[in-house]
Ligand SMILES: Cc1cc2nc3c(=O)[nH]c(=O)nc-3n(C[C@H](O)[C@H](O)[C@H](O)COP(=O)(O)O)c2cc1C
Ligand code: SF4
Ligand code: SF4
Ligand code: SF4
Ligand code: SF4
Ligand code: FES
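Protein chains in written order, with the numbering used here: chain A, 597 to 1195; chain B, -7 to 381.
Okay, structure coming up:
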């Protein structure tokens, strides 16, 4: 129990743990302090000076977000002096900001706009910026508009501290301060992994995803096109937030209905492809393990890392290109699905794959980059035509005048519309690992995993790195070679945590067989395309929604998904078979620290 | 030294004597003596040196550091340079005594980039003192060791701010950070660190050998000792002066041959502009804040032009982290340009004065907190000249 300190804030007296910031103390006392540069996921910067308060005995105003309480203090949060300082600092920011709200994606979800409203701003105090000064910088996934930037450095703190990518940095001094890429290169030509985490934490419209909405409307409105959407697990657990639901409300059925109303010809479940990924990746793992453990094949790499997070894949391509062999060769569920739709499904239904448009509704910004990778066309066509984020889809639904709350619950289309609970939990960090364990253990031993309710709890949670060990006993005859082997697995989310594992791997100190990495904190449910704001509490709520939905499903193991088994029987043959190899597996591109997007 | 009366800093000095005395006294007694002297930092903020040392001495840590702040970047100051050039051993001895007081074995001189030409001589002074057993390991044959390294600054004014300095020494962008924690708790390499100005450290050997009581005979009750002033501008005898704290502007002007001045900038760009009507004010911590730079303006000077120079300096030198300083200084400079063109209304000038108050009140570090001083005082002193051109 750490030391408690008594504080007086306005007319409230309370006790807080030593080291609590004034901002936290105010929050728990029910007082709202306006903030701009503060974000609950990030290191404190204390630079916008919007959150200033009076601390008795100190001459200047203090930034509440950056002031740790270490001795009893008296704080005032509302006085003419405080209101003036906040207002002037806000006005300084606004006058310098190219505030063209109605042409801005953050109109309505912008923290700067909200503050301006809160403070009743009705004019520019200082001569204002009326024309944009900066060129817009656009990659396939990310759009940077410096005209909207207020130099709060949340993006930098995200990219450097939280993700340890360092694609963004501070350039220049004083009034010329800019958020820049290395050597001011286009964002597409630097180490950016497209995770979009900076977008989620930017208070303004200075960072956004590259929206394909207009193009997408165009194909939806084209009667010649058969437009299919596959939806990932995380958007369902979050899109409700854009429509006034509490975080952690799953709206799967209503979303399906809305997507049909929007004009999609089929609505499929990416969880189906997640189950397929487990079949392929699980088989790949067993194959690798056998080669290493039985054949002593030193060319095979273990631990095997998951490859379904395109941000993580690009991170390895940039920072650890010599370790690409450790990645599973499996495509992500999104890409597997696309390849199957334009082959298997096209054949089955007679739809011309040329006229088929595959859209993926994803929590992820990096998926846009992924579907545009030149190698992702094994079906003979571009396997997935559009990666659309949760936020972008919310805009389309609103634009179509659809009230999500009023939608009936509808199912996915079948086949390819059934996903197991294992596929569903891909959305949370640890989910891929849990799904893999549920299936691999059972395939090897013939028995379900020894966890109550199939919940592999050791790999769950929000700890940055988690690990677990599972000893195989009495396996089925063909897996005798695994008898007594203790399988060691680890889970990491956020590339900063992945980096810790990679550094250990470099030093030869990484003693695992299988590792799940998701580039985004919290896993996909915290993806860069998810509703804004994000915080540890919001991500935890989304995770709860996903895990409770898993419990409600009848099929909760990938290898028991009947539609998967049908797919193998009708089309693919067996996991890691020839057709799987062609359609469902891929290769990677060593990029190094300075490399261009290449297309 | 223009004034012949050698007061403290350029008085008699025998290298090593004070350090030997400090080692005999022991850390606590040294801290007590420095506290008793009421010596306040000469780097700008005027924090009581003894208290700073006491706070750092109290911290439990395997390592502590002493940093001599020789970044001297305030426009119009060159007094630290003089000390480094002429009295390097005194600076080094002051650092070693700080080491004794707080329990540090390592010191750094953070030398302003432009002073790189002093580096060689300082290094020679360090090795010479090492050869004579006043620095290095087992000083005076006892248990105390103290070595000093020189680090070159990156040429930014803000790097003179103690945390920006530490941050740049730690290999990061030279930007101030939020306090608390203070350097005395988590400074260089996150270890307790004392940062002192060159001049502050130079008083230490005298306080140790001659005692706090003697030191307090100089200056005023609240501002003990003397102070070095770099005097420049419209005066007959520019240069570095050691003067008693508490001296009035008039007395100072008489000393340096600056009689009949229009105004005096006390404390450099971040200090106050003092007009003739206030020339009887004393320069000390309880009066006009005693920065090291005195710039004298004769009657021919255009004060708006003077102000513009200062504001250009701050716009250039703000690190750009925090809103009030990054945007505020820019707006003040913009306002000066409007004034030049006769485009600034009285109402907008009031708006800018309110902005100054907010900058002082809410900026993250001393730069933004003091940069409006020039604006406020020049506008106040010369409103008619400025508004009706
Ligand atoms: C913008 C800025 C620049 C500063 N530059 C210097 C400097 O060049 N030299 C210096 O000794 N202190 C400078 N300071 C003050 C230091 O932060 C610190 O207070 C001082 O070094 C402490 O030493 P003292 O207690 O001996 O004065 C500066 C402060 C600010 C805010
Ligand atoms: S960033 Fe915010 S304030 Fe600026 S234009 Fe966009 S919505 Fe408006
Ligand atoms: S998308 Fe991710 S990697 Fe790219 S700049 Fe943003 S935080 Fe950094
Ligand atoms: S891009 Fe956004 S997050 Fe980054 S500094 Fe600008 S406003 Fe802040
Ligand atoms: S006051 Fe100025 S120099 Fe200091 S932190 Fe703020 S922007 Fe940087
Ligand atoms: S929120 Fe505290 S300074 Fe920005």
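Note that the Cβ used here is the ideal one computed from N, Cα and C, for glycine as well. All of these numbers come straight from a predicted model, not from anything done at the bench.
| query | result |
| --- | --- |
| Proximity winner among A/736, A/861 and A/1015, relative to residue 785 of chain A (alpha-carbon distances) | A/736 |
| Residue-level contact to chain A via CB, residue 190 of chain B, 8 Å cutoff | no |
| Under 8 Å from the C-beta of residue 170 of chain B: neighbouring residues of chain A | 640, 642, 659, 662 and 663 |
| Minimum C-alpha distance to residue 805 of chain A - residue among A/819, A/1115, A/783 and A/822 | A/783 |
| Any non-hydrogen atom of ligand 5 closer than 7 Å to residue 610 of chain A Cβ | no |
| Beta-carbon contacts of residue 949 of chain A that lie in its chain and below 6 Å, excluding the five residues immediately before and after | 938, 942 and 977 |
| Selection of the region 752 to 768 of chain A by Cβ proximity to chain B, strictly under 8 Å | 766 and 768 |
| The region 685 to 701 of chain A: positions lying closer than 8 Å to chain B by Cβ | 685, 688, 689, 691 and 692 |
| Other residues of its chain near residue -3 of chain B: CB distance less than 6 Å, five sequence neighbours each side excluded | Confidence at residue -3 of chain B is low in this model, with a pLDDT of 49, below 50, so its placement is unreliable and the value that follows should be read with caution. No residues qualify anywhere along the chain. |
| Nearest-residue set for ligand 2, Cβ under 6 Å from any heavy atom | A/693, A/695, A/696, A/697, A/700, A/702, A/703, A/706, A/708, A/709, A/744, A/800 and A/801 |
| Neighbourhood of residue 63 of chain B by C-beta, 7 Å cutoff - its chain only, sequence neighbours within 5 removed | 102, 104, 145, 151, 152 and 157 |
| For residue 1142 of chain A, the nearest candidate out of A/866, A/695 and A/1022 (CA to CA) | A/1022 |
| Residues near residue 620 of chain A by beta carbon distance below 8 Å, same chain, minus five either side | 612 |
| Closer than 8 Å to chain A by CB, residue 312 of chain B | yes |
| Residue 634 of chain A beta carbon near ligand 6 (any heavy atom closer than 7 Å) | yes |
| Span of the beta strand (DSSP E) around residue 231 of chain B | 231 to 236 |
| Contact check, residue 1245 of chain A vs residue 1122 of chain A, beta carbons under 8 Å | Because chain A spans 597 through 1195 in this model, residue 1245 of chain A falls outside it and cannot be assessed. |
| Beta-carbon contacts of residue -7 of chain B that lie in its chain and below 6 Å, excluding the five residues immediately before and after | Only weak support exists for where residue -7 of chain B lies, its pLDDT of 48 falling under 50; the value from the coordinates is given anyway. Cβ within range, chain order: 2. |
| Three-state secondary structure (DSSP) of residue 633 of chain A | coil |
| Inter-residue spacing [alpha-carbon to alpha-carbon] between residue 656 of chain A and residue 681 of chain A | 11 Å |
| Contact set between residue 723 of chain A and chain B, taken where Cβ atoms lie within less than 9 Å | 323, 326 and 330 |
| Euclidean distance between Cα positions of residue 730 of chain A and residue 667 of chain A | 46 Å |
| Proximity test, Cβ basis, 8 Å: residue 679 of chain A and chain B | no |
| Cβ-heavy atom distance, residue 751 of chain A to ligand 6, below 7 Å | no |
| Three or more C-beta pairs below 8 Å linking the region 751 to 759 of chain A and the region 694 to 707 of chain A | no |
| Sufficient close CB pairs (3 or more, under 8 Å) joining the region 157 to 169 of chain B to the region 25 to 40 of chain B | no |
| Contact belief for residue 215 of chain B with residue 277 of chain B at Cβ below 8 Å, rounded distance in angstroms | 4 Å |
| Euclidean distance between Cα positions of residue 1194 of chain A and residue 727 of chain A | For residue 1194 of chain A, the predicted structure reports a pLDDT of 48, less than 50, and the residue's modelled location is therefore unreliable. The matter cannot be settled from this model. |
| Within chain B, the residues that residue 771 of chain A reaches when beta carbons sit closer than 8 Å | 307, 310, 312, 318, 319, 321 and 322 |
| Distance CB(residue 1038 of chain A)-CB(residue 1045 of chain A) smaller than 8 Å | yes |
| Residue 1063 of chain A, DSSP secondary structure in three states | strand |
| Sequence-distant residues of its chain with Cβ nearer than 6 Å to residue 689 of chain A (five each side left out) | 746 |
| Cβ of residue 361 of chain B within 8 Å of any chain A Cβ | yes |
| Any non-hydrogen atom of ligand 7 closer than 7 Å to residue 645 of chain A Cβ | Among the ligands in the structure shown, ligand 7 does not appear; only ligand 1, ligand 2, ligand 3, ligand 4, ligand 5 and ligand 6 can be found there. |
| Residue 654 of chain A classed as buried or exposed, judged by whether at least 16 other C-beta atoms fall within 10 angstroms | exposed |
| Meets three-Cβ-pair contact criterion under 8 Å: the region 88 to 103 of chain B and the region 1173 to 1181 of chain A | no |
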